[in-house]
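Remarks on the structure that follows.
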Amino acid sequence: MTRTFVPKRVFFTCGVGRDSEYLGSFEMALRAAKIECYNLVTVSSILPPKCRIIKREEGLADLEPGSVVFTVMSRIASNEPHRRISASVGVAIPENMEKQWGYFAEHHAFGDGKEKAGQYAEHLAYNMYQSITDKIPEKTLNITESAVVDEDGTWTTTIAAAVFLME
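The numbers in my numbering rise by one with no breaks, and the one at position 131 of the sequence shown is 178.
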């Protein structure tokens, strides 16, 4: 079996979008996150061994518009005036990234602010990692976006994503 389909790098991004339409707000959130021009495929939550975490700018520079891109994504939308929404992806990073895998956890919530949602996503990733390995991850981190729906009820979407690169 070949290992050509195992991600080699990953970057994190997030965004908020607002529009009169639900789908339009999602598109605006993708634009804010700079991933609107890719065909996004949502995958589950494993950080592969040897997968390097890179800066968003580095990852985007290596992608072409129209590329099929695998992501761990959290998203939430609302048009309820004054409603706070948050989307977060947390990650538990193992001590030995050469041999062990880590975990991503997606979390989206109504009412939680950015800090609370981010901490919760990290907590979920930590627990998933620890439950399979009986070890404590070397570190956890998160990417989180939060927003409050405008008074006029404009659709608002928040997204957070870990974007994989195969090469």
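The C-beta atom is built at its ideal place from N, Cα and C for all residues, glycine as well.
Source: prediction; values computed, not measured.
Straight-line Cα distance separating residue j from residue i
i	j	result
K154	V136	The question names Lys, yet the displayed sequence has His at residue 154. The alpha-carbon atoms of H154 and V136 are separated by roughly 6 Å.
V195	A152	23 Å
D199	L77	22 Å
E214	M144	17 Å
N189	A134	10 Å
D197	K146	47 Å
S72	K163	23 Å
N100	Y150	Contrary to the premise, residue 100 reads as Ile rather than Asn in this sequence. Going from the Cα of I100 to the Cα of Y150 covers about 13 Å.
S92	L212	15 Å
I183	A208	24 Å
Candidates the options, of which the one nearest residue i by Cα
i	options	result
I82	G106, P96 and I101	G106
M75	L212, V210, I206 and F59	I206
D159	V63, I132 and G149	I132
T89	F157, A108 and R122	R122
E142	S91, Y176, E68 and P128	Y176
S67	L212, T203 and C84	T203
F59	M120, Y69, C84 and L70	M120
K55	C84, L70 and L94	L94
Distance CB(residue i)-CB(residue j) smaller than 7 Å
i	j	result
A80	C61	yes
T191	G165	yes
V210	T118	yes
W148	P96	yes
N86	V115	yes
I140	E185	yes
S193	K161	yes
V138	A108	no
R65	T201	yes
One or two residues paired with residue i in a DSSP bridge
i	result
T204	G64 and A124
L87	V116
Those runs of the alpha helix (DSSP H) which lie wholly inside the region 129-193 and span at least 4 residues: Listed in chain order, they are 161-180.
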